Amino acid sequence: MTFALKELTQLLGSSSVVLGSVVQASGAVLRVATPQGAMTVRTLESLNVGDRVQISNGLATQAPVAQQIYPV
Numbered sequence: 382m383t384f385a386l387k388e389l390t391q392l393l394g395s396s397s398v399v400l401g402s403v404v405q406a407s408g409a410v411l412r413v414a415t416p417q418g419a420m421t422v423r424t425l426e427s428l429n430v431g432d433r434v435q436i437s438n439g440l441a442t443q444a445p446v447a448q449q450i451y452p453v
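Residue numbers (my numbering): 382 to 453.
What follows is the structure, given as structure tokens:
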């Protein structure tokens with residue numbers, strides 16, 4: 382029985398990080414567009430429509446933004 386529980390845990394709790402963009406924000410619940418399709422996730426941060434987020438373990442956080450500085 383332990384094997385079945387471990388297998389179920391791996392299927393349900395994938396540890397992959399998915400990037401997406403917020404398309405709807407309603408309090409702590411967000412609707413996020415990802416390459417795999419739309420997802421509904423929760424967040425602890427204040428995010429707005431259009432923000433890029435990363436989803437890990439069902440929780441959305443603001444995605445890091447790469448910034449390049451060019452001397453002029």
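Every residue, glycine too, gets a C-beta built ideally from N, C-alpha and C.
It should be emphasised that the depicted structure is a prediction, and the values quoted were computed from it without experimental measurement.
How far does the beta strand (DSSP E) with residue i in it extend, from its first residue to its last?
i: LEU400; result: 399-407
i: GLN449; result: No beta strand (DSSP E) contains GLN449, which DSSP labels as neither H nor E.
For residue i versus residue j, is the C-beta distance shorter than 8 Å?
i: ILE436; j: VAL422; result: yes
i: VAL434; j: GLY408; result: no
Which class does residue i belong to by DSSP, given the choice of helix, strand or coil?
i: LEU425; result: coil
Would you mind sorting residue i into buried or exposed? The rule is 16 or more other CB atoms within 10 Å of its CB.
i: ALA414; result: exposed
i: VAL403; result: buried
i: THR383; result: exposed
Using alpha carbons as the reference points, say which of the options lies closest to residue i.
i: VAL410; options: LEU428, ILE450, ALA385; result: LEU428
i: THR442; options: GLU426, VAL430, GLY431, GLN449; result: GLU426
i: ALA444; options: GLY431, VAL453, GLY418; result: GLY431
i: ALA406; options: GLN448, ALA385, THR424; result: THR424
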